[in-house]
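One structure is given below, encoded as structure tokens.
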Amino acid sequence: MKKTFIFFNVFLFFLLPQLSFAQVSEDIARLLKNAKIQVYSKTADMEDFTLPLLNGENITLSSLKGKTVILNFWATWCPPCRAEMPSMDTFYKRYKDKSLEILAVDIGENINTVRQFIQKNNYSFPILLDTTRRISSIYGIEAIPTTYIIDRQGKIIGRVVGSIYWDTPQVYAAFDKLLN
């Protein structure tokens with residue numbers, strides 16, 4: 001508990017002054033909460049990063065500015081991660097042509113393990129590899145899956161710790177409003 005308190009105070013002292021904040025509209029906040037997505041009362045800039053995709057190309061988070069991004073941290077061995085991925089793929093197929101991108105960041109596994117899992121399940125959203133766990137550490141990932149919702153300006157507007165079903169009417173309603 002003491003470590004957490006110290007870390008939080010260090011975060012507030014060093015990082016908070018550097019973050020850029022904006023408000024989420026009440027309508028979007030209400031819809032996200034109905035979808036079981038934690039909404040931040042103020043949004044914060046995400047730390048930029050570059051990671052390799054399964055195909056070997058690199059992707060940089062800031063290159064997606066102008067799109068809403070679902071940044072999901074997961075692993076193949078994680079049952080809740082595996083449980084949410086089919087609905088996440090359905091969600092991705094519905095919104096990928098509407099300025100939405102999913103970046104599913106595998107934490108710490110080798111490329112062959114991840115590639116076999118993705119091919120076996122035929123998921124269509126981009127898979128990134130954080131083999132050194134550097135990015136998940138920067139984002140303070142303690143439980144997986146953890147997912148951040150990033151708006152078109154590159155600001156965190158919400159988070160989900162644990163799995164959810166992405167293909168529900170509540171999630172669709174929130175993202176229909178968010179993407180328009």
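Residue numbers 1 to 180, in our numbering, belong to the letters of the sequence shown in order.
Ideal Cβ placement from N, Cα and C applies to all residues, glycine included.
Just so you know, these numbers come straight off a predicted model, no measurement behind them.
Classification of residue i by the beta-carbon crowding that lies within 10 angstroms, buried from 16 upward
i: S136; result: buried
i: N180; result: exposed
i: T60; result: exposed
i: S163; result: buried
i: A22; result: With a pLDDT of 45 at A22, under the threshold of 50, the predicted position of this residue should be treated as unreliable, and no value is reported.
Simplified DSSP assignment, three categories, for residue i
i: D39; result: First, the residue type needs correcting, since residue 39 is Val and not Asp in the sequence shown. Reduced to three states, the DSSP call for V39 is strand.
i: N110; result: coil
i: I118; result: helix
i: F21; result: Since pLDDT at F21 reaches only 37, below the 50 mark, its modelled position is unreliable, and the value read off the structure follows with that caveat. Coil, per DSSP.
i: S63; result: helix
Beta-carbon proximity list for residue i, same chain, < 6 Å, skipping 5 on both sides
i: I37; result: G158, V160
i: A29; result: V39
i: Q170; result: N34, A35
Beta bridge counterpart(s) of residue i as assigned by DSSP
i: P52; result: N58
i: T146; result: F73, V161
i: I102; result: I70
i: I156; result: A44, I150
Segment limits, alpha helix (DSSP H) that includes residue i
i: Y89; result: According to the sequence displayed, residue 89 carries Asp and not Tyr. From DSSP, the alpha helix (DSSP H) with D89 extends over 79 to 95.
i: R134; result: 134 to 138
i: R222; result: For the chain, the structure presents residues 1 to 180; residue 222 sits outside this window and is missing.
i: D176; result: 169 to 179
Neighbourhood of residue i by C-beta distance below 7 Å, restricted to the same chain and skipping five residues each side
i: Y92; result: I102, S124, F125
i: F117; result: T76
Delimiting residues of the beta strand (DSSP E) encompassing residue i
i: L129; result: 127 to 130
Own chain residues within Cβ distance below 8 Å of residue i, not counting five before or after
i: R82; result: T76
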